[in-house]
Amino acid sequence: MHIGNLLKIAFKALGNNKLRAFLTMLGIIIGVASVITMLAIGQGSKRSIQAEISEMGSNMIMVHPGGDMRGGVRLEADDMESLTLADLEAIRTETRYVSYVSPSVNSAGQAVYGARNTPTTVYGVSADYLDIRRYRVADGDFFTEQDIRAAAKVCVVGRTVVDELFPDGGSPVGRIVRFGTIPLRIVGVLESKGYNSMGMDQDDLILAPYTTVQKRVLAITHLQEITCSALSEGYTDRAIGEITALLRRNHKLREGQDDDFTIHSQQELSNMLTSTSDMMSVLLAAVAGISLLVGGIGIMNIMYVSVTERTREIGLRMSIGARGRDILAQFLIESVLISVAGGLLGVLAGVGASLAVRALASYPIYIQPWSVLLSFAVCTFTGVFFGWYPAQKAARLDPIEAIRYE
Amino acid sequence: MDEVIRLEHIRRDFVVGEETVHALRGVSFAIRRGEFVTVMGTSGSGKSTLLNILGCLDTPTAGEYWLDGVAVRTMGKDARATLRNRKIGFVFQNYNLLPKTTAIENVELPLMYNPSCGVAERRERAVAALRAVGLGDRLLHKSNQMSGGQMQRVAIARALVNNPAVILADEATGNLDTRTSFEVLDLFQRLHAGGRTIIFVTHNPEIAQYSSRNITLRDGRVIADTSNPAPLDAAATLAQIPSASPEDAPPT
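Protein chains in written order, with our numbering: chain A, 1 to 406; chain B, 407 to 658.
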């Protein structure tokens, strides 16, 4: 039978039972809409986490002194003095996958200006730190190489520190704050970055030349951390490999000996956070998928009822020349029509619900085109799969019995 | 006058549990083009089984059946469905129209299973068939808005629309009142007069008087096969019955 005729018959049959067709569709509508919405929410939160992490520097690599264990005793990393400026120089000059490298020594303490003071941390770094952590100087300038060489008493401050110490709103550049006992002249103010995904205020800091912090604040010669960035996120693993090999050689570690340093990357953190949100997405989508399955069972149920109800019609069609496959196609098209129409409405409802969530709850939403296509394909498949058995039952009826069915 | 139907030693056995029921025990006859044959028999005589075989819904256990020159016994299911579609017009006791469907759509139905028939031709032939049964003014009436007589006339139009070799009527007047029965019978007589081959299966002996030939079955065998040289005229009988409802007036 011609496909046009089949569609006509199916539309008519569904039209004869509009409410029932709609209620059957509802299962599919809800299923598809929830799959799309759940994936949109899951993807949205994943993307917002990824965006935040990349703001912090997604290709960032941090080298800390100290392995996890030494001689069976866990040591406090700060007590270790294994990282030196020689290591820093080696990383700067001898690696291929590291783009920026900065030393890092820090000290927590009180910053004082006149009668006001605020607790904060001073980080002793070099100019590369700005590129690694993706900070920008909003007002004034960053300190120079000359300042570093001279261990000059200069600093660049974060927005939070500015707000605490200079509530009048004037530019702090040129003023002198005291950190502990050390007076530091402010040469620049960092652009605000806000809180990161772990709730840390990224603007609550003071950046100073590492030489200044080493000599004048901490009185040490080693480094507490070497902060680097890989050429890009994709090179992180290779960069870590390079740094590990380099440091082991410099530290004269023998084969089998544990590292006396530890390397973390932002990517590990990123993977950890996104894998949590990925798992949430999968769980949500699974729940939504189950509702699609339930919708499919609803179709199957209604198609069985429909076949029984229309046994006489099937018998008649067969006696005037419908072959088994004509009847099969007729009922299959009917169930596919239900599921496809339900799928279309479900896509609309899902996209609508996602946009509503974004508008009302200001939740990050990202509707993936593939999730729309996938759920649409799944529900078409659902129509065929769950329509098959009832249609098969209809096609196998004996016309002699069907036509006399009461 | 060539043969439309030829049955030779048709047997049909059904296995019910451990027993074998012989519904037909060797039926042979031939029907020529243009005959109006009534097949009579009480219930259990095998006439329903015979009708199923004649209608290519069932195949005989033994014997041969030729419909319009085609041997049916060895045909597969799909081939028989197509054969039904081209060669047979069914008229059932309970009309079997599609519910909530217009007369014209009901009549078009057999042609929808014939891919060689286009939309325009389908409509044209359905209108012509409905005109032939006197329902030219009710094309768009739905099946649930019609009387029994009208519904049966739609069913007859549906049986005519594929221009079949034979029309098979199964107790076609069984659900109708006397007056409407004769109207439908009159319609069959006029189709017969127009050259149609009709097989009318019934248990009502009265109807046999209006056909040109009568075959009687008992216990799965033909016990009588008589031709009727002077059939009664259903229109004349109808004229003697007092008019009931104007709605079921005979077609003009």
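Ideal placement from N, C-alpha and C gives every residue a C-beta, glycine not left out.
Distance cut-off 7 Å: residue i Cβ against heavy atoms of the ligand GTP
i	result
A:Val378	Of ligands this structure carries none, so the ligand GTP is not represented either.
Classification of residue i by the beta-carbon crowding that lies within 10 angstroms, buried from 16 upward
i	result
B:Gln551	exposed
A:Gln110	exposed
A:Leu373	exposed
A:Glu225	buried
A:Ala341	buried
A:Asp147	buried
A:Met200	exposed
B:Ala599	exposed
B:His415	exposed
A:Tyr195	exposed
A:Ala329	buried
A:Arg96	exposed
A:Tyr129	buried
A:Met25	buried
B:Asn502	buried
A:Gly234	exposed
A:Met303	buried
A:Leu6	buried
B:Val513	buried
B:Pro505	exposed
A:Asn59	buried
Under the three-state DSSP convention, the category residue i falls into
i	result
A:Asp326	helix
B:Ala636	coil
A:Cys379	helix
A:Gly158	coil
A:Arg153	Before going further, note that residue 153 of chain A is Lys rather than Arg in the sequence given. Coil.
B:Arg627	strand
B:Glu511	helix
A:Arg238	helix
B:Gly578	For the record, residue 578 of chain B in the displayed sequence is Ala; it is not Gly. Reduced to three states, the DSSP call for B:Ala578 is coil.
B:Ser549	helix
B:Ser449	coil
A:Val173	coil
B:Ser434	strand
A:Pro65	strand
A:Tyr405	coil
A:Arg70	Residue confidence for A:Arg70 is low, a pLDDT of 49 falling below 50, so the modelled location carries little weight; the figure read from the coordinates is stated next. Strand at A:Arg70.
A:Glu164	helix
B:Tyr471	strand
B:Ala563	helix
B:Arg412	strand
Beta-carbon proximity check, residue i vs residue j, cutoff 8 Å
i	j	result
A:Leu205	A:Gly158	yes
A:Ile327	A:Arg317	yes
B:Thr622	B:Gly495	no
A:Leu269	A:Ile61	no
A:Ser281	A:Gln50	no
A:Ile290	A:Ile36	no
B:Ile437	B:Ile605	yes
A:Leu405	A:Gly321	Inspection of the sequence shows that residue 405 of chain A is occupied by Tyr rather than by Leu. Cβ atoms of A:Tyr405 and A:Gly321: not closer than 8 Å.
A:Val177	A:Asp139	no
A:Ala152	A:Thr212	yes
B:Val433	B:Leu463	no
B:Arg564	B:Pro635	no
A:Gly241	A:Ile132	no
B:Glu535	B:Leu574	It is Ala, not Glu, that sits at residue 535 of chain B in the sequence shown. The answer is no: Cβ separation not under 8 Å.
A:Val101	A:Ile91	yes
A:Leu14	A:Leu397	no
A:Ser275	A:Ala40	no
B:Val560	B:Ala509	yes
is_contact[residue i, chain C] using C-beta, thresh 8 Å
i	result
A:Ile302	Chain labels in this structure do not include chain C; the protein chains are A and B.
Q. The region 418-443 of chain B: which residues have C-beta closer than 8 Å to a C-beta of chain A, in chain order?
A. Listed by position, the residues of the region 418-443 of chain B near chain A (Cβ gap below 8 Å) amount to none.
Q. Which residues, in order along the region 499-514 of chain B, keep a beta-carbon less than 7 Å from a beta-carbon of chain A?
A. Residues are counted here when their Cβ sits less than 7 Å from a Cβ of chain A; for the region 499-514 of chain B these are Asn502, Leu504 and Lys506, given in chain order.
(Q) Threshold first: 3 residues or longer. Then list the beta strand (DSSP E) segments lying entirely within the region 182-236 of chain A, N to C. (A) 182-190, 206-209 and 225-230, all fully within the region 182-236 of chain A.
Q) In the region 453-484 of chain B, which residues sit with their C-beta less than 8 Å from some C-beta in chain A, listed in chain order? A) Asn458, Gly461, Leu463, Asp464, Lys483 and Asp484
Q: With 8 Å as the limit, tell me which residues of the region 517-547 of chain B have their beta carbon closer than that to any beta carbon of chain A; keep them in chain order.
A: Met518, Tyr519, Asn520 and Pro521
Q.
At a CB distance below 8 Å, what residues from the region 283-297 of chain A approach chain B? Give them in sequence order.
A. none
Q. Looking at chain B, which residues of the region 309-326 of chain A have a Cβ within less than 8 Å of any of its Cβ atoms?
A. Hits within the stretch, in order: Arg312, Glu313, Gly315, Leu316, Arg317, Met318, Ser319, Ile320, Gly321, Ala322, Arg323, Gly324, Arg325 and Asp326.
Q: At 3 residues or longer, and completely inside the region 30-54 of chain A: list those beta strand (DSSP E) runs for me, N to C.
A: none
Q. If contact means a Cβ-Cβ distance below 8 Å, which residues of the region 390-404 of chain A contact chain B?
A. Pro399, Ile400 and Ile403
Q: Run through the region 98-139 of chain A for me and flag every whole alpha helix (DSSP H) of 4 or more residues, listed as ranges in chain order.
A: 128-133
Q | Within the region 249-313 of chain A, ranges of the beta strand (DSSP E) (whole runs, at least 3 residues) | A | 261-265
Q.
So if I threshold CB-CB distances at 8 Å, which residues from the region 12-23 of chain A count as touching chain B?
A. Using a CB distance below 8 Å, the part of the region 12-23 of chain A facing chain B consists of Lys12 and Asn16, ordered along the chain.
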